[in-house]
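First the structure, in the form of structure tokens, and then the observations on it.
Numbering (UniProt numbering), first residue to last: 1 to 47.
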């Protein structure tokens, strides 16, 4: 099946709305700042 990804999620309100709309994966500044892989840990999940 097709999975959806929302980028640039910046607030809890955005995340809540997108989740209610059925978006499968969220990414953006709300979850953390971009950085080198060794500094970001193992939070990464592939879509």
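Think of the CB as a built atom: it goes at the ideal place given N, C-alpha and C, for glycine as much as any other residue.
If you draw a straight line from the alpha carbon of residue 8 to that of residue 1, how long is it in whole angstroms? 23 Å
By Cβ distance, which residues of its chain are closer than 7 Å to residue 28, with the 5 residues on each side in sequence left out? 7, 8, 9, 10
Could you name each continuous alpha helix (DSSP H) segment of 4 residues or more that falls completely within the UniProt domain "EAL" (1–47), going from the start of the chain to the end? 12–20, 37–40
Could you tell me which of 19, 36, 32 sits nearest to residue 4, measuring between CA atoms? 19
Rounded C-alpha distance that separates residue 16 from residue 35: 25 Å
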